[in-house]
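Novice: Right, I'll just put the structure down here and ask away after.
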Amino acid sequence: MFYEVIAQFAKAGAPSFYTPGYEGYLSEAKDYFNIRSRVATNPKEITELGIIDDKTIRIIFRSHDKLRLEQISRSLRVFSMYLIDETHPLNFSSLISGKRLFRMHASEFASDEAEEVRLQNGNGGMDGDMEPDVEMNKLYLIEKMCLLLREMDRSSENIEAVREIDTILESFLERRK
Numbered sequence: 068m069f070y071e072v073i074a075q076f077a078k079a080g081a082p083s084f085y086t087p088g089y090e091g092y093l094s095e096a097k098d099y100f101n102i103r104s105r106v107a108t109n110p111k112e113i114t115e116l117g118i119i120d121d122k123t124i125r126i127i128f129r130s131h132d133k134l135r136l137e138q139i140s141r142s143l144r145v146f147s148m149y150l151i152d153e154t155h156p157l158n159f160s161s162l163i164s165g166k167r168l169f170r171m172h173a174s175e176f177a178s179d180e181a182e183e184v185r186l187q188n189g190n191g192g193m194d195g196d197m198e199p200d201v202e203m204n205k206l207y208l209i210e211k212m213c214l215l216l217r218e219m220d221r222s223s224e225n226i227e228a229v230r231e232i233d234t235i236l237e238s239f240l241e242r243r244k
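For the sequence shown, the residue numbers in the working numbering are 68 to 244.
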C-alpha cells in the first residue's frame, strides 16, 4: 500500500523547509528511515520526499501491510527521530511542540497492485516476460496523473506535461477507432 503524507512543523513560527541544508537533511532522514525500516516487522519505504512550499513537505511511502490512517505518523517515527537527534548539527529538536515534530495529514495513495500481480503470476506469461508495470498497475498510473492535475501550478513544465498526456491519450483513442 502507498500512502501520501502532507506534513508541516508542529511549532508555530518554524523556519522554511527551503532553509539552506534542510533539503539534504530531509534526504538523509529518508535514507536512514529506508535502511532501518527494511528489517521491521512491517517493512516500509519512503519512495518520494519533496518540499511543496516553505512550510510543507510531501512524503509518499510504501508499507508492506495496510495501515490505519490515524497511525501513519507513528509509522514515520524513525524518520522524525532522525530529524530531532541532537547530535546532528541541523537537528529539529527545538521545533517540537506538544511532543510532535510534525502535524501530518495522511491519505491512502494507491495499492501496490503491481507487486501483488507479480507475486501471484510468478514470472509472468508463458515466455517468462512480465507485462509492463503500466499494464499491471493502471490504477496507480491514473492516480499519478490525477495528482499531477491536482497539484498543478501554472508553470510551463506542468502545462507541457498535461499537453503530452492529452496528446498520447488522443492518439491512442484515435488508433482504437
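Each residue gets a CB set at the ideal place from its N, CA and C atoms; glycine is no exception. This one's a predicted model, so the numbers in the text were calculated from it and none came from an experiment.
Which term fits residue 79, buried or exposed, when burial requires 16 or more other beta carbons within 10 angstroms of its beta carbon?
Specialist: Exposed, because fewer than 16 other Cβ atoms sit within 10 Å of the Cβ of residue 79.
Novice: Any idea which residues DSSP pairs residue 75 with across the strands?
Specialist: Answer by DSSP bridge pairing, in chain order: 170.
Novice: Whole angstroms are fine: how far does the CA of residue 93 sit from the CA of residue 86?
Specialist: If I take the Cα positions, the gap works out to 11 Å.
Novice: Considering only residues of the same chain and omitting the five flanking positions on each side of residue 13, which have a CB-CB separation below 7 Å?
Specialist: Nothing can be reported for residue 13: it is not among the residues displayed for the chain, which extend from 68 to 244.
Novice: What's the gap between the Cα of residue 116 and the Cα of residue 97?
Specialist: Whole-angstrom Cα-Cα distance: 8 Å.
Novice: Which residues does DSSP pair with residue 112 in a beta bridge?
Specialist: DSSP, once it has assigned bridges, lists 129 as partnering residue 112.
Novice: Suppose you measure from the CA of residue 101 to the CA of residue 234; what does that come to, to the nearest Å?
Specialist: If I take the Cα positions, the gap works out to 37 Å.
Novice: From residue 237 to residue 224, what does the alpha carbon distance come to, in whole angstroms?
Specialist: Rounded to the nearest angstrom, the two C-alpha atoms are 20 Å apart.
Novice: Report the residue from 158, 146, 212, 124 whose alpha carbon sits nearest the alpha carbon of residue 99.
Specialist: Ranking 158, 146, 212, 124 by Cα distance to residue 99 puts 146 first.
Novice: For a quick check, are the C-beta atoms of residue 89 and residue 176 less than 8 Å apart?
Specialist: For residue 89 and residue 176, no; Cβs fall outside 8 Å.
Novice: Hey, would you say residue 118 sits closer than 8 Å to residue 84, going by beta carbons?
Specialist: Yes, these two residues count as a Cβ contact at 8 Å.
Novice: Is the beta carbon of residue 129 closer than 8 Å to that of residue 68?
Specialist: Yes, these two residues count as a Cβ contact at 8 Å.
Novice: Mind checking whether residue 139 and residue 72 have CB atoms under 8 Å apart?
Specialist: Result yes, Cβ atoms of residue 139 and residue 72 sit closer than 8 Å.
Novice: CB residue 126 to CB residue 81, shorter than 8 Å?
Specialist: Contact flag unset, no.
Novice: Within this structure, are the beta carbons of residue 77 and residue 164 separated by less than 8 Å?
Specialist: Result yes, Cβ atoms of residue 77 and residue 164 sit closer than 8 Å.
Novice: Distance check for residue 167 and residue 204, CA to CA, integer angstroms please.
Specialist: Confidence in residue 204 is poor, its pLDDT being 48 and thus under 50, which makes the residue's placement unreliable; the coordinate value appears in the next sentence. Their backbone Cα atoms lie some 35 Å apart in a straight line.
Novice: Measuring CB to CB, does residue 142 end up less than 8 Å from residue 153?
Specialist: In this structure, residue 153 does not lie closer than 8 Å to residue 142 by Cβ.
Novice: Taking all protein chains shown into account, decide if residue 232 is buried (16 or more other Cβ within 10 angstroms of its Cβ) or exposed.
Specialist: With fewer than 16 other Cβ atoms within 10 Å, it is exposed.
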